[in-house]
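Novice:
Listed below in C-alpha cells is the structure:
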C-alpha cells in the first residue's frame, strides 16, 4: 500500500465518508505485511542468512574441487611435457628413455582421455604406444573405447595420438576409428576439410586393408551420389559406367579441400590419380588438376608407397609448367634425388623435357657439383646410370622400366629420345670423367659402385685418356687388389674395359689401350691366379686380340693356356666365333 492510497483513505475519513471494501482490504494487506516483517525476529533472520551461506559454501567447495583438479592436471601436463622433452633429446641413453616413459605413464595412466585433449599432450601419450609393452598399449587403447571419445580425439588436439593409435593398434582399433568418423552424421567429406581429422582418416586409409580403403574412397569420391558398388570389382571398374560424373563430383570436393597440407595425404593423391587417369583416357582436359599438383611436387615425391601423381603431373604438364616445376624443386633437388620416388620423378622429368638447355641449367647443374657424394647414394647412383644408359635392364629393375612406359602414350614431348639423351650426356661428360678419375681407386673397392663404373666405361670409354687408363691399370694390378680381382663385380669391370679398348682402337688406331698398361703390370703369381679363377678374362683378351691387331704391345703366353678352365673358356670362345662366322 503506497502513500497515495493512505492519503485517500485518510481524506475520506476526515470528510466523514465511509471507506470502501477495496480500501479496507488494501489497508489490511499493508498492515499484515508490516506485521509479517515485524514478526521476523533477529534469530529467524540469522537462520536465513546461515541457509544462504550454506548454499554459497557448497558452490564454493565445488569450485575449489574443480580448481584443484585443474591444478593437478596442469601439474601433470607440465611434468609429462618435461619428461617428453628429455625423451626426445638425442643425448639421453636408451635406458634413461625407458625410465622416462615409465614415469610419464605412471603420471597419466588414470586420466588419459582427459589429458589427450589438452594442447601438446597428444604426442606425449603417443610416445607411450609401444607394441613391445602390450599391457601399456592395451591400457591406453582402453581409454578410448567409446565412439564419442574417439570422435573428440579425431577433431581435437589429439589427432596425432589418434593417428598413432591406428598405426600401432590392431585391426579392431582401426575399424572403431573409421566407424567413429563415419558416425559423424555429415559424412567423411567435412572431416577432410580439417587437417587434424584428415590426418587421422588418412592414417586409417594407409594402414587399413582393401575393404577399409574401398569404403573410405567410395564415400569421399561419391559424396551423396546414389551408386551401387560391387564388392568383387575394383573401384576403377565399378566407376567405369559413370566416370565423368564421378570425376565432376570429385572435382568440386577437391577444390574445396585441396591445399599444401591436404595434398600430402595418400588418400587425396589416389583420388587425384583416378581423376587424371580418367580424364587422360577419355580425352578430357586435365590442366585444372595439373595446376593443383604442380606446386606440391616435393610432398608428392615424399610419399611412402609410390609417386604416381607426381609422374602423371610431369607427363601431362605443358613445357611452361615443367619449367615452373623445375624452378620449384631446385632448392631441394639434391635431397629429392636420394629417395626412390624422387629418382623415379626425375627420370620421368628428363624423359619428358625437350628443352635440354633449361634442364642442364636448372636441374643437372645442381646435382653434378656434389657428384662424389651422390654416387655413394643408391637412388642417386641409379639416376646417373639411367642418364648414361636409359631404360637399360642391365642397370634398372624391369618394374621401374614398366612404370616409365606408362607415360609413353600420354607424354607431350616432341624431340626423339636419342637426340635428347645425347645432348644430356655431352653436358655430363666432363664432370663425370673428372669425378671418376679422382675417385676410381675408392670406387673399385665397392661392389655396388662397380656397376656404375661399367656404365661410365660403356658410355665414355672412347674418351678415356692415357693417364686415366694407367691409373686404372695400376690400381687393379696392385698386390693388395689380387683378392678383389677374382670377384664377379671386378671381372665385369675388366670385361667392359677390354670392350672399350676395341671401340677406342676402331675409332682411333693410335689411342691408348687399357690392356697394354694392365697385363705387363701384373706379376706372374697374379697372372696365374687370374687365369685359374677368371678364365673368362683370358677368353675376352683372345676375342679382342684380333680386333686390336697391332695395337697390343704384349703377347699371350702359351703357359696361360695349360689350365683346364682356361682351355674350356678358349674352346667356348672358338665355338662362339665359329657360329658368328657361319
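Residue numbers (the UniProt record's numbering): 1 to 582. Cβ atoms here follow ideal geometry from the backbone N, Cα and C, with glycine treated the same way.
Beta-carbon within less than 6 Å of residue 375's beta-carbon, same chain only, minus the 5 sequence neighbours each way: which residues are those?
Specialist: Within the chain shown, numbered from 1, the residue matching residue 375 stands at position 375. Taken in chain order, the residues that qualify are 381.
Novice: Judging by CA-CA distance, which residue of 175, 167, 209 is the nearest neighbour of residue 203?
Specialist: Start at 1 with the first residue of the chain shown, and residue 203 comes out as number 203. With distances taken between Cα atoms, residue 203 lies closest to 167.
Novice: Which class does residue 261 belong to by DSSP, given the choice of helix, strand or coil?
Specialist: Numbered from 1 along the chain shown, position 261 holds the residue referred to as residue 261. Here residue 261 sits in coil by DSSP.
Novice: For a quick check, are the C-beta atoms of residue 370 and residue 410 less than 8 Å apart?
Specialist: The residue you call residue 370 lines up with position 370 of the chain shown. The residue you call residue 410 lines up with position 410 of the chain shown. Not a contact, by the Cβ cut-off of 8 Å.
Novice: So, helix, strand or coil for residue 313, using DSSP?
Specialist: Counting from 1 along the chain shown, the entry for residue 313 is found at position 313. Here residue 313 sits in helix by DSSP.
Novice: Considering only the beta carbon of each residue, do residue 292 and residue 254 sit closer than 8 Å?
Specialist: In the chain shown, counting from the first residue as 1, residue 292 sits at position 292. In the chain shown, counting from the first residue as 1, residue 254 sits at position 254. Contact annotation: residue 292 and residue 254 have beta-carbon atoms nearer than 8 Å.
Novice: Taking the alpha helix (DSSP H) that residue 346 falls in, what are its first and last residues?
Specialist: Position 346 of the chain shown holds residue 346. For residue 346, the uninterrupted alpha helix (DSSP H) segment begins and ends at 340-352.
Novice: Determine the closest residue to residue 108 out of 125, 96, 373, 512, with distance taken between C-alpha atoms.
Specialist: As a first step, residue 108 must be located in the chain shown, where it is residue number 108. The shortest Cα separation from residue 108 among 125, 96, 373, 512 belongs to 125.
Novice: Is residue 541 helix, strand or coil when you go by DSSP?
Specialist: One-based indexing of the chain shown puts residue 541 at position 541. Residue 541 falls in the helix class under three-state DSSP.
Novice: Can you give me the C-alpha to C-alpha distance between residue 454 and residue 329, rounded to a whole angstrom?
Specialist: Walking along the chain shown from the start, residue 454 turns up at place 454. Walking along the chain shown from the start, residue 329 turns up at place 329. For the pair residue 454 and residue 329, the Cα-to-Cα distance works out to about 30 Å.
Novice: Measuring straight from C-alpha to C-alpha, what distance separates residue 431 and residue 365?
Specialist: Locating residue 431 in the chain shown gives position 431, where the first residue counts as 1. Locating residue 365 in the chain shown gives position 365, where the first residue counts as 1. Rounded to the nearest angstrom, the two C-alpha atoms are 10 Å apart.
Novice: Taking the C-alpha atoms as reference points, what is the distance between residue 515 and residue 506?
Specialist: The residue given as residue 515 occupies position 515 in the chain shown. The residue given as residue 506 occupies position 506 in the chain shown. Approximately 15 Å between the Cα atoms of the pair.
Novice: In the DSSP assignment, the alpha helix (DSSP H) including residue 590 goes from what residue to what residue?
Specialist: Past the edges of the chain, shown from 1 to 582, lies residue 590, and the structure says nothing about it.
Novice: Among 451, 479, 512, which one has its Cα closest to the Cα of residue 494?
Specialist: Counting from 1 along the chain shown, the entry for residue 494 is found at position 494. Nearest to residue 494 by alpha-carbon distance, out of 451, 479, 512, is 451.
Novice: Going by C-alpha to C-alpha distance, which of 352, 84, 258, 246 sits closest to residue 190?
Specialist: Locating residue 190 in the chain shown gives position 190, where the first residue counts as 1. Nearest option by C-alpha distance: 258.
Novice: Does residue 390 pass the burial test, meaning 16 or more other C-beta atoms within 10 Å, or should it be called exposed?
Specialist: Residue numbering aside, residue 390 sits at position 390 when the chain shown is read from its first letter. Buried, by the Cβ-count rule.
Novice: In angstroms with no decimal places, state the Cα-to-Cα distance between residue 353 and residue 385.
Specialist: Sequence index remark: in the chain shown, residue 353 carries index 353 (1-based). Sequence index remark: in the chain shown, residue 385 carries index 385 (1-based). Whole-angstrom Cα-Cα distance: 18 Å.
Novice: So, with DSSP's three-state summary, where would you put residue 406?
Specialist: Position 406 of the chain shown, counting from 1, holds the residue named residue 406. In the structure shown, residue 406 sits in coil (DSSP, three-state: anything other than H, G, I, E or B).
Novice: Which stretch, first to last residue, makes up the alpha helix (DSSP H) that contains residue 516?
Specialist: Taking the chain shown and counting its residues from 1, one reaches residue 516 at position 516. Run containing residue 516: 514-518, per the alpha helix (DSSP H) assignment.
Novice: Just the C-alpha distance for residue 162 and residue 196, rounded to the nearest angstrom, thanks.
Specialist: The residue labelled residue 162 in the question sits at position 162 within the chain shown. The residue labelled residue 196 in the question sits at position 196 within the chain shown. Taking the CA atoms as reference points, residue 162 sits about 10 Å from residue 196.
Novice: Give the DSSP-derived three-state secondary structure of residue 111 in the structure shown.
Specialist: For the purposes of this step, residue 111 is taken as residue 111 along the chain shown, with counting starting at 1. DSSP places residue 111 in coil when its eight states are reduced to three.
Novice: Would a C-beta distance cut-off of 8 Å place residue 469 and residue 517 closer than the cut-off?
Specialist: As a position in the chain shown, residue 469 is number 469, starting the count at 1. As a position in the chain shown, residue 517 is number 517, starting the count at 1. Cβ atoms of residue 469 and residue 517: closer than 8 Å.
Novice: If you compare alpha carbons, which of 286, 297, 356 is closest to residue 337?
Specialist: Sequence index remark: in the chain shown, residue 337 carries index 337 (1-based). If we check each option's Cα against that of residue 337, 297 comes out closest.
Novice: Can you check which of these residues, 103, 463, 93, is closest to residue 503 by C-alpha distance?
Specialist: Residue 503 sits at position 503 when you count from the first residue of the chain shown. Checking every option, the nearest Cα to that of residue 503 belongs to 463.
Novice: What residue range does the alpha helix (DSSP H) around residue 327 cover?
Specialist: Here residue 327 refers to the residue found at position 327 of the chain shown. Here the alpha helix (DSSP H) through residue 327 covers 319-329.
Novice: Out of curiosity, what's the CA-to-CA distance linking residue 327 and residue 320?
Specialist: The residue you call residue 327 lines up with position 327 of the chain shown. The residue you call residue 320 lines up with position 320 of the chain shown. If I take the Cα positions, the gap works out to 11 Å.
Novice: Which same chain residues end up closer than 6 Å to residue 533 when comparing Cβ atoms and leaving out the 5 residues on each side of it in sequence?
Specialist: The residue labelled residue 533 in the question sits at position 533 within the chain shown. Closer than 6 Å at the Cβ level, and outside the excluded window around residue 533, lie 486.
Novice: Pick out whichever of 114, 94, 102, 288 has its Cα sitting closest to the Cα of residue 70.
Specialist: The residue given as residue 70 occupies position 70 in the chain shown. Of 114, 94, 102, 288, the residue nearest in Cα terms is 114.
Novice: Can you name, in chain order, every residue of its own chain whose Cβ lies under 8 Å from the Cβ of residue 37, other than the five neighbours on each side?
Specialist: Within the chain shown, numbered from 1, the residue matching residue 37 stands at position 37. In this prediction, residue 37 scores a pLDDT of 41, lower than 50, which makes its location untrustworthy; no coordinate-derived value is stated.
Novice: From residue 79 to residue 199, what does the alpha carbon distance come to, in whole angstroms?
Specialist: Your numbering for residue 79 matches position 79 in the chain shown. Your numbering for residue 199 matches position 199 in the chain shown. Distance between the alpha carbons of residue 79 and residue 199: 28 Å.
Novice: At the level of alpha carbons, what is the spacing between residue 100 and residue 211?
Specialist: In the chain shown, counting from the first residue as 1, residue 100 sits at position 100. In the chain shown, counting from the first residue as 1, residue 211 sits at position 211. Their backbone Cα atoms lie some 39 Å apart in a straight line.
Novice: Decide if residue 550 is buried, meaning its Cβ has at least 16 other Cβ atoms within 10 Å, or exposed.
Specialist: Translated into positions along the chain shown, residue 550 becomes position 550. When all chains shown are included, residue 550 counts as exposed.
Novice: Rounded to whole angstroms, what is the Cα-Cα separation between residue 250 and residue 207?
Specialist: Your numbering for residue 250 matches position 250 in the chain shown. Your numbering for residue 207 matches position 207 in the chain shown. Their Cα atoms are separated by approximately 23 Å.
Novice: What residue range is occupied by the uninterrupted alpha helix (DSSP H) comprising residue 122?
Specialist: Within the chain shown, the letter at position 122 stands for residue 122. Element bounds for residue 122: 122-126.
Novice: With DSSP collapsed to three states, give me the class of residue 522.
Specialist: The sequence position of residue 522 within the chain shown is 522, counting from 1. Residue 522 falls in the coil class under three-state DSSP.
Novice: On a Cα-Cα basis, can you pick out the residue from 176, 120, 88, 121 that is closest to residue 141?
Specialist: Taking the first residue of the chain shown as position 1, residue 141 is located at position 141. Of the listed residues, the one whose Cα sits closest to residue 141 is 176.
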